[in-house]
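Enquirer: Residue numbers for the sequence shown, in this note's numbering: 46 to 373. Where is the CB? At the ideal position from N, CA and C, for every residue including glycine. Let me give you the structure first, and then I'll get to my questions.
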Amino acid sequence: MEREHYDFFGSLMPYLDTRRYIQFLPVSGNLLPPPVPAITPVVELEVETVRALFKLEYLQPSGSFKDRGTFVTVAKLMEEGINEVVLDSSGNAALSMALYSLPAGIRVHIFVPSRAMPGKLSLIQRLGAVVHFTEGDRMEAHRRAVEFAEREGLTYVSHWLNPYFLEGTKLVAFEVYEQVEVPDYVLTPTGSGTLLLGLWKGFKELVKMGEIERLPVLVAVQASGYESLCERSSSKNRLADGIAIPEPPRLEEMKTALKETNGLCVSVTESETMEAWEWLKDIGFLVEPTSAVVLSALWKLVETGEIPDGSKVLLPLTGSGLKLTEGI
Ligand SMILES: Cc1ncc(COP(=O)(O)O)c(C=O)c1O
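Here is the structure:
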């Protein structure tokens with residue numbers, strides 16, 4: 046780390062975890078859940094002709110980057126004294142919320158599509174969350190969760206809309222800046238856009254603080270058949286279940302993020318996802334298929350020349366493969 050970066054965050058922040066950035070978050074910091082997201086390592090490898098920077102987000106306490114948004118959300122709920130909430134999720138956000146809420150004494154209702162991964166679901170139930178199975182897809186789980194929250198007078202905290210979630214995911218940008226400065230490109234799996242938008246927010250805040258001068262090009266990587274930013278394909282990528290979100294509520298913001306950063310969208314098929322997953326596994330990155338899509342996208346963009354030789358490319362590896370108890 047270069048000295049000048051250390052000075053930016055300075056001696057005010059002694060923590061070597063997410064609490065390091067507490068002064069940049071909309072919470073007091075007096076009430077925080079015991080699990081705290083990690084500052085995740087960045088591993089640099091030469092992939093094809095570029096400098097690939099893999100950020101190991103799957104090392105978070107619940108095994109995904111979702112912990113960042115959950116941490117800020119639960120801290121806010123604790124400050125507000127809210128002890129019962131509703132959300133919808135395909136798995137990781139629910140698991141994260143269940144884990145952070147348990148020690149905070151917050152009761153969690155989770156609406157999941159009945160096809161959600163059984164391994165994740167049994168763990169979520171073991172963590173004491175109330176699981177509501179919904180027939181239909183991920184969008185239907187969202188509609189049912191909103192209805193339930195309204196009917197029962199409970200707080201709806203889904204990461205799809207909750208602003209505190211993006212405050213947490215923006216910290217990926219802060220960390221990356223301290224670790225490797227500004228990348229040229231950032232490739233992120235994109236369903237509802239919480240990581241894409243968090244990164245955009247984080248890098249923009251760094252510009253505003255005068256720390257950096259330019260934003261990286263943001264690349265939204267989506268699953269074929271479920272695209273919202275790229276053109277919708279007919280064949281469905283069912284392996285990348287975390288990004289099977291065809292109608293994300295923040296679509297307009299996601300489009301603006303791409304436009305403002307000269308970004309683009311890349312769609313990845315099921316077989317491409319599998320190939321990338323194998324490659325990552327073979328070099329020791331045990332992630333879930335949803336996370337592997339960024340590598341497929343990198344291969345494509347290097348091949349077409351859209352990412353030039355020598356570029357510095359950030360690839361957050363968002364979710365752990367240790368949850369793949371059903372096999373893939
Ligand atoms: C492992 C993993 N990566 C990426 C994403 C995409 O996040 P978002 O839907 O916020 O774009 C998800 C969403 O659940 C996920 O589980």
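1) By a C-beta neighbour count over all protein chains shown, 10 Å radius and 16 as the cutoff for buried, is residue 328 buried or exposed?
2) Pick out whichever of 285, 248, 276 has its Cα sitting closest to the Cα of residue 316.
3) When you compare only the Cα positions, how much space is there between residue 121 and residue 182?
4) Below 8 Å on the Cβ atoms is my contact criterion, and I expect residue 242 with residue 295 to pass it. Report the Cβ-Cβ distance as a whole number of Å.
5) Give, in chain order, every unbroken run of the alpha helix (DSSP H) that is at least 4 residues long and sits entirely within the segment 53-126.
6) Put residue 163 into one of helix, strand or coil per three-state DSSP.
7) Within 10 angstroms of the Cβ of residue 115, are there 16 or more other Cβ atoms? Answer buried if so, exposed if not.
8) Enumerate in chain order the residues of its own chain whose CB-to-CB distance from residue 175 is below 8 Å, with the five nearest sequence positions on each side excluded.
9) When the distance is taken between beta carbons, is residue 335 closer than 9 Å to residue 308?
10) Within the continuous alpha helix (DSSP H) that includes residue 300, where are the two ends?
11) If we ignore side chains and look at the alpha-carbon of each, how far apart do residue 323 and residue 341 end up?
12) Secondary structure at residue 363, three-state DSSP: helix, strand or coil?
13) Kindly list the residues whose CB is nearer than 8 Å to the CB of residue 259, restricted to its own chain and excluding five residues on each side of it in sequence; keep chain order.
14) Taking Cβ to Cβ, would you say residue 433 is nearer than 9 Å to residue 344?
15) Starting from residue 316, trace the alpha helix (DSSP H) in both directions and tell me its first and last residue.
16) Quick check: the Cα distance between residue 353 and residue 94, rounded to an integer number of angstroms?
17) Can you tell me where the beta strand (DSSP E) holding residue 283 begins and where it ends?
18) Heavy atom of ligand 1 less than 8 Å from the Cβ of residue 325, yes or no?
19) Cβ of residue 357 within 8 Å of any heavy atom in ligand 1?
20) Residue 321: beta carbon under 8 Å from a heavy atom of ligand 1?
21) Would DSSP call residue 331 helix, strand or coil?
22) Alpha carbon to alpha carbon, how far is residue 367 from residue 350? Give it in angstroms, no decimals.
23) Does the Cβ of residue 282 have 16 or more other Cβ atoms within 10 Å, making it buried, or fewer, making it exposed?
24) Can you tell me whether residue 169 is helix, strand or coil according to DSSP?
25) With 16 other CB atoms within 10 Å as the buried threshold, where does residue 60 fall?
26) For residue 204, verify whether its CB is less than 8 Å away from any heavy atom of ligand 1.
27) For ligand 1, is there any heavy atom lying closer than 8 Å to the beta carbon of residue 111?
28) How would you call residue 166, buried or exposed, if buried means at least 16 neighbouring beta carbons within 10 angstroms?
Expert: In terms of the structure at hand:
1) exposed
2) 285
3) 30 Å
4) 6 Å
5) 111-125
6) helix
7) buried
8) 152, 153, 154, 155
9) no
10) 296-305
11) 11 Å
12) coil
13) 227, 252
14) Nothing about residue 433 can be read from this structure; the chain reaches only from 46 to 373.
15) 315-327
16) 8 Å
17) Neither: residue 283 is in no beta strand (DSSP E) and is coded neither H nor E.
18) no
19) no
20) no
21) coil
22) 34 Å
23) buried
24) helix
25) exposed
26) yes
27) yes
28) buried
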